[in-house]
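Numbering (numbering that gives the first Met the number 0), first residue to last: 0 to 294. Here's the structure we're looking at; comments come further down.
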Amino acid sequence: MELQGPDNKRVRAVCFAKDKRTTLLEKQNTMSSVKISNYIVGPSWAGEGEEIRINDMSIIQAPSASEYNFQYIPNVNASGESEITAVSVVQSEIETGTIVNVKGKIKKGQNVKVVGKNNLKMLKCAICDLSGVLQITFWEDEIQQIKDGVVYTITNVSVRNRDHTKSVTTTRNSAFIEVNDVDLNEIDENAASKLLDEPAEDTTLEVKKIRSVELDKHKSCVHCSAKFPPGIETNVVKCLRCGHRMLFDACQQVVAYRITVSSRETIATLTCFSEVLENFFEIPDGSALTAACFK
């Protein structure tokens, strides 16, 4: 891994302690600051320079605000530009929760929604590059800042996966850079418009066969309802979407079933949340179903 310090100084780091890798991965995915002590500095095994070696004796903590005064700066290439991940690569290779930079032409959606307990404004849009089109979600003031049909480089977006479909969402650390790119300016927006077409509010589906049923249980942010990835072992977590910090035990518990069904000539995936399951099975105490799934 690579650590960034003051003045954008970067150093290679290697973690030999398995129990600390999960914590470091979580910090990396949320781009959170970290304080590492009791480490070893030695010649880099990857080439020139030195590297930090983290072992069982090393201590990983969250620093106080007074212990650091610099911000994360995205990696840049030899031309001084942020490293860009193509849309097709995001869709086929990048894991959920990874932070990437994307570049493309924006097609804005029309339906601004209000979500979460704090009524955050959300707008689903599309970003197109020469390799494909991808859904991107903007939040709050970003919705007004982003212009339709304009090419942007957008840094620090988080990769998401819902119903086996990849998308990205901005984070608190995202930055928007308007770019003059002739090739991207001329991209046809038909694919983006099709991606943003919303289905009718009420749809009746005649199911011939249930092909599979998959249980999805996870915890979500109490502030904006964003899903937390599995494997979190820390007591306090930070939401990548809204930046809210909370006790992990206080997070919302969400239960959903993903049901893959056959309907005539098509195969569809339906997501049923606990409220629907409670009504279907006539469960009077809805919390009992969720609690049972998290035992």
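A virtual CB, placed ideally from N, CA and C, is assigned to each residue, including glycine.
Cut-off 7 Å between Cβ atoms - residues of its own chain near residue i, not counting five sequence neighbours on either side
i, result
"Asn-234", "Leu-246 and Phe-247"
"Ser-78", "In this predicted model, Ser-78 has a pLDDT of only 46, less than 50, meaning its place in the structure is not dependable; the value taken from the coordinates is given anyway. For Ser-78, where only same-chain residues beyond five positions count, there are no Cβ hits under 7 Å."
"Gly-41", "Glu-49, Glu-50 and Arg-52"
"Ala-199", "At Ala-199, the pLDDT of 49 sits below 50, so the modelled position is not reliable and the matter cannot be decided from this model."
"Val-212", "Tyr-256 and Ile-258"
"Asp-128", "Ala-85, Val-86, Lys-102, Gly-103 and Leu-183"
"Leu-194", "Ala-125, Val-132 and Gln-134"
"Phe-15", "Arg-52, Ile-53 and Asn-54"
"Lys-226", "His-217 and Ser-219"
"Asn-330", "An answer regarding residue 330 cannot be provided, because it is not within the stretch 0 to 294 covered by the chain."
Residues of its chain near residue i, where Cβ-Cβ distance is below 8 Å and the 5 sequence neighbours each way are ignored
i, result
"Asn-184", "Lys-104 and Val-150"
"Gln-251", "Lys-218, Ser-219, Cys-220, Val-221 and Ser-224"
"Ile-145", "Ile-105, Lys-107, Cys-124, Phe-137, Tyr-151 and Phe-175"
"Pro-229", "His-217"
"Ile-266", "Arg-210, Thr-259 and Val-260"
"Phe-272", "Val-253, Val-254 and Ala-255"
"Lys-17", "none"
"Ser-43", "Arg-11, Glu-49 and Glu-50"
Own chain, CB closer than 6 Å to residue i, minus 5 neighbours either side, in chain order
i, result
"Ser-36", "Ile-58"
"Leu-2", "Val-10 and Ala-12"
"Lys-26", "Val-33"
"Arg-190", "According to the sequence displayed, residue 190 carries Ala and not Arg. Once the five neighbours on either side are set aside, the close Cβ partners of Ala-190 are Val-132."
"Gln-60", "Lys-34"
"Glu-188", "Lys-106"
"Met-0", "Ala-12"
"Ile-39", "Arg-52"
"Leu-269", "Ile-258"
"Cys-241", "His-222 and Cys-223"
Beta-bridge pairing of residue i - partner residues as DSSP gives them
i, result
"Gly-103", "Tyr-151"
"Phe-272", "Ala-255"
"Val-42", "Residue identity differs from the one stated: residue 42 is Pro in this sequence, not Val. Answer is Glu-49, bridged to Pro-42."
"Ala-267", "Val-260"
"His-217", "Val-253"
"Asp-128", "Gly-131"
"Cys-14", "Ile-53"
"Ser-63", "DSSP, once it has assigned bridges, lists no residue as partnering Ser-63."
"Leu-122", "Phe-137"
"Glu-1", "Arg-11"
"Arg-244", "Lys-237"
"Ile-35", "Ile-59"
"Ile-231", "The partner list for Ile-231 (beta bridge, DSSP) is empty, contrary to what the question assumes."
Residue i vs residue j beta-carbon contact at 8 Å
i, j, result
"Gly-96", "His-222", "no"
"Val-178", "Lys-106", "no"
"Ala-158", "Glu-92", "Contrary to the premise, residue 158 reads as Val rather than Ala in this sequence. Against a cut-off of 8 Å, the Cβ pair of Glu-92 and Val-158 comes out as no contact."
"Lys-295", "Val-253", "Residue 295 cannot be examined here, being either before or after the span of the chain that is shown, 0 to 294."
"Leu-119", "Val-113", "yes"
"Thr-170", "Leu-239", "yes"
"Ile-186", "Ser-173", "no"
Whole-angstrom C-beta distance between residue j and residue i, which should lie under 8 Å
i, j, result
"Val-167", "Val-89", "7 Å"
"Val-86", "Ser-130", "5 Å"
"Glu-232", "Thr-84", "In fact, because the Cβ distance is near 28 Å, the residues do not count as touching under 8 Å."
"Asn-160", "Ile-98", "With 8 Å as the limit, Asn-160 and Ile-98 do not qualify as a contact, their Cβ atoms being about 14 Å apart."
CB contact check: residue i to chain C, cutoff 8 Å
i, result
"Leu-246", "Included in the structure is just one protein chain, with no chain C present."
- In chain order, which beta strand (DSSP E) runs of at least 3 residues are fully inside the segment 132-193? If only complete runs of 3 or more residues are kept, the segment 132-193 shows the beta strand (DSSP E) at 150-161, 164-168 and 174-177, in order along the chain.
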